[in-house]
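A.B. asks: In the order they appear, the protein sequences are chains V and W.
For the first sequence, this note's numbering gives the first residue as 1, with consecutive numbering after it.
For the second sequence, this note's numbering gives the first residue as 1001, with consecutive numbering after it.
Let me begin by handing over the structure; questions about it come next.
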Amino acid sequence: MLFSAELHIVTSVEIRAIEALGFSFSGSSMPAHDFINTFFPNFNLLVAVRTIDTLLSSTTAAGISKEILLIEVPSQSFEIRYYSQDWSDKDTGLALVRTFTLENAKPVVDHEFFRLPRSYRRKGIARKVLTALFQQYVNMGAKKILIFAALEDGGYVWATQHFLAVDPAEVATILTRAQAGLSPAEFNPVKRIYDHYYAQHIGGQSFPMYAWAALHFMEPILRKSKWHGAVDLTNPKEFSNFVDNAIG
Amino acid sequence: MQLDKSQYKEEAHIGEELMEDSKVSPLDRRCFAVKQMVEDRVFTLDEALAAYSVSKDDFNNYLSRYVVSEIKVLLLDSSSVIAVTASLAVISKLYQTFVGSIDPEAQAFQNHLLSLSQAVSSGKVAV
């Protein structure tokens, strides 16, 4: 799938259309359209939230909160929150939270929270939501996507989607667990990948976790691990690897 | 009920859905790792194939599909001159990566490709 950046200027009419969908704005004294156009230009907010609403509103019978938080201090950021009243229920809860911050004036997207009700999982909804939002990341020239690959299998699945590990200490912790849980023959390639990367990149923030995840004996280790990951969208290789795997 | 930031996480089932629906098969993921680890000189090709449990046939098949897709991307919206020179660059890179270390004539082959590419670029050879 190819993505190309599309220009867009958010208007006050679009903001009213977003409010008509049930979203509320809070946090900034600036008009919402000015805020987005100034700090996150070309993000087509109406298209993004309308897609989210279309895809997710029918997945829950509970009431849905739809919030857009615009923050000016200490630095500009905004957050889209879309969640059911029973969001914390692991079976029926619905939650989508995306936070957009600026790093050296370039947008960074944090994939903070996404949970679908159990009966709506594995029906292609998640991919459609991610794809629609990814187009907006491209539009505004997002620099990177962040994720916290947590326990309950997340440590493995997000590695397969080409998120790279940013924290050497977390990677070292996983290495230690691998040494304890694997045979010497299995551990050998795990250690070589680790040693090679950090010898080339001291303190590196792009450890190729996918290379560990593709070793079949590392799957159970990673499924019980947690680490912070990122995709550098300014790196053409990382961009295309992520699109090929996560967007498809 | 207000959200509790301490409970935020991108659920694994989201990633599982992406994995299951992906056009990238588990075998392709392993082949990708083989290719990358060899390119990065972490493993030799034989070591990487063994580590990732990939047969040579499966890897060659993956590599062929990879080359075809790379060339298609390169040729997209390209002029014929760019298409040919880009294709030559791909062949050169592949040769250098996978055959360069075992062929004593590798540099001569690279030079021929470079000369041909320059001839196409300058119009000496029409495409």
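Backbone N, C-alpha and C define an ideal beta-carbon position, used for all residues, glycine too.
None of the values given here were measured: they were computed from a predicted structure.
Could you tell me the alpha carbon to alpha carbon distance between Pro41/V and Arg127/V, rounded to whole angstroms?
C.D. replies: 24 Å
A.B. asks: Let me check understanding here. Comparing Cα to Cα, which of Ala1089/W, Leu1018/W, Arg1030/W, Ala1119/W lies closest to Leu1063/W?
C.D. replies: Arg1030/W
A.B. asks: By the criterion of Cβ-Cβ separation under 7 Å, what are the contact partners of Gly248/V in chain W?
C.D. replies: Within chain W, the C-beta atoms nearer than 7 Å to that of Gly248/V come from Asp1021, Ser1022, Lys1023, in chain order.
A.B. asks: With a threshold of 7 Å on Cβ separation, who are the neighbours of Phe217/V within its own chain once the five nearest residues in sequence on each side are excluded?
C.D. replies: Leu182, Glu186
A.B. asks: List the whole-angstrom C-beta distance separating Leu1018/W from Ala246/V, where the pair is believed to meet the contact cut-off of C-beta under 8 Å.
C.D. replies: Your pair Leu1018/W and Ala246/V checks out as a contact, with CB atoms roughly 5 Å apart and the cut at 8 Å.
A.B. asks: Over what stretch of residues does the alpha helix (DSSP H) that includes Phe1098/W continue unbroken?
C.D. replies: 1080 to 1098 is the span of the alpha helix (DSSP H), which, as asked, contains Phe1098/W.
A.B. asks: Kindly indicate which residue of Tyr194/V, Val49/V, Pro107/V, Phe239/V has the alpha-carbon position closest to the one of Ile174/V.
C.D. replies: Tyr194/V
A.B. asks: For the segment 64 to 80 of chain V against the segment 20 to 27 of chain V, do three or more pairs of beta-carbon atoms, one drawn from each stretch, fall closer than 8 Å, so that the two count as touching?
C.D. replies: yes
A.B. asks: Using a Cβ-Cβ distance under 8 Å, would Ser88/V count as near chain W?
C.D. replies: Chain W contact via Cβ: present.
A.B. asks: Using a beta-carbon distance cut-off of less than 8 Å, what residues from the segment 158 to 186 of chain V approach chain W?
C.D. replies: Trp158, Thr160, Gln161
A.B. asks: Whose Cβ in chain B lies nearer than 8 Å to the Cβ of Asp1058/W?
C.D. replies: Chain labels in this structure do not include chain B; the protein chains are V and W.
A.B. asks: I want to verify the contact list: residues of chain V whose CB lies under 8 Å from the CB of Leu1045/W, in sequence order.
C.D. replies: Within 8 Å Cβ-Cβ: nothing; Leu1045/W doesn't reach chain V, min ~14 Å.
A.B. asks: Looking at the unbroken beta strand (DSSP E) that takes in Phe78/V, where does it start and where does it end?
C.D. replies: 77 to 84
A.B. asks: Is it a yes or a no for the segment 152 to 160 of chain V touching the segment 8 to 27 of chain V, going by three-plus beta-carbon pairs under 8 Å?
C.D. replies: no
A.B. asks: Considering only the alpha carbon of each residue, which of Phe239/V, Ile9/V, Thr59/V, Ser206/V lies closest to Arg121/V?
C.D. replies: Thr59/V
A.B. asks: From what residue to what residue does the alpha helix (DSSP H) around Arg223/V run?
C.D. replies: Note, Arg223/V: alpha helix (DSSP H), 219 to 223.
A.B. asks: If the cut-off is 9 Å on Cβ atoms, which residues from the segment 1002 to 1018 of chain W count as contacting chain V, listed in chain order?
C.D. replies: Flagged, chain order: Gln1002, Leu1003, Asp1004, Lys1005, Gln1007, Tyr1008, Lys1009, Glu1010, Glu1011, Ala1012, His1013, Ile1014, Gly1015, Glu1016, Glu1017, Leu1018.
A.B. asks: Output the boundary residues of the beta strand (DSSP E) element that contains Leu102/V.
C.D. replies: 95 to 103
A.B. asks: Distance check for Gln85/V and Ala62/V, CA to CA, integer angstroms please.
C.D. replies: The straight-line gap from Cα to Cα measures roughly 6 Å.
A.B. asks: At the level of alpha carbons, what is the spacing between Glu6/V and Ser1080/W?
C.D. replies: Distance between the alpha carbons of Glu6/V and Ser1080/W: 28 Å.
A.B. asks: Can you name the residues of chain W whose CB is closer than 7 Å to the CB of Gln85/V?
C.D. replies: Met1001
A.B. asks: Give the straight-line distance between the Cα atoms of Asp1028/W and Leu130/V, rounded to the nearest whole angstrom.
C.D. replies: 22 Å
A.B. asks: Name, please, each residue of chain V whose Cβ falls closer than 7 Å to the Cβ of Ala1033/W.
C.D. replies: Tyr210, Ala211, Ala214
A.B. asks: Rounded C-beta distance between Ser1117/W and Leu1088/W? I'm assuming under 8 Å.
C.D. replies: 5 Å
A.B. asks: I'd like to confirm the pairing. Which residues does DSSP put opposite Leu1045/W in its beta bridges?
C.D. replies: Bridge partners of Leu1045/W: none, in fact.
A.B. asks: Do you know whose CA, among Asp167/V, Ile125/V, Leu233/V, lies nearest Ile202/V's CA?
C.D. replies: Measuring C-alpha to C-alpha distances from Ile202/V to each of Asp167/V, Ile125/V, Leu233/V identifies Asp167/V as the nearest.
A.B. asks: Going by C-alpha to C-alpha distance, which of Phe148/V, Thr234/V, Leu55/V sits closest to Tyr137/V?
C.D. replies: Thr234/V
A.B. asks: I'd like to confirm the pairing. Which residues does DSSP put opposite Ala149/V in its beta bridges?
C.D. replies: Under the DSSP definition of a beta bridge, Ala149/V partners with Trp227/V.
A.B. asks: Determine the direct distance from the alpha carbon of Arg50/V to that of Ser65/V, and round the result to whole angstroms.
C.D. replies: 14 Å
A.B. asks: Can you tell which of Lys1093/W, Val1120/W, Ala1119/W has its C-alpha closest to the C-alpha of Gln1107/W?
C.D. replies: Lys1093/W
A.B. asks: Hey, how far is the Cα of Thr101/V from the Cα of Val190/V?
C.D. replies: 34 Å
A.B. asks: Starting from the C-beta of Leu1113/W, find all residues in its chain whose C-beta is less than 7 Å away, skip the five residues before and the five after it, and write them out in chain order.
C.D. replies: Leu1088, Ile1091, Ser1092
A.B. asks: Taking all protein chains shown into account, do 16 or more other C-beta atoms lie within 10 angstroms of the C-beta of Val13/V, making it buried, or fewer, making it exposed?
C.D. replies: exposed
A.B. asks: For the putative contact between Gly229/V and Leu164/V, defined by C-beta atoms under 8 Å, what is the C-beta separation to the nearest angstrom?
C.D. replies: 6 Å
A.B. asks: Return the CA-CA distance between His8/V and Ile147/V, expressed in angstroms with no decimal places.
C.D. replies: 27 Å
A.B. asks: I'd like to know if the segment 78 to 94 of chain V and the segment 210 to 224 of chain V are in contact, where contact means that at least 3 CB-CB pairs between them fall below 8 Å.
C.D. replies: no
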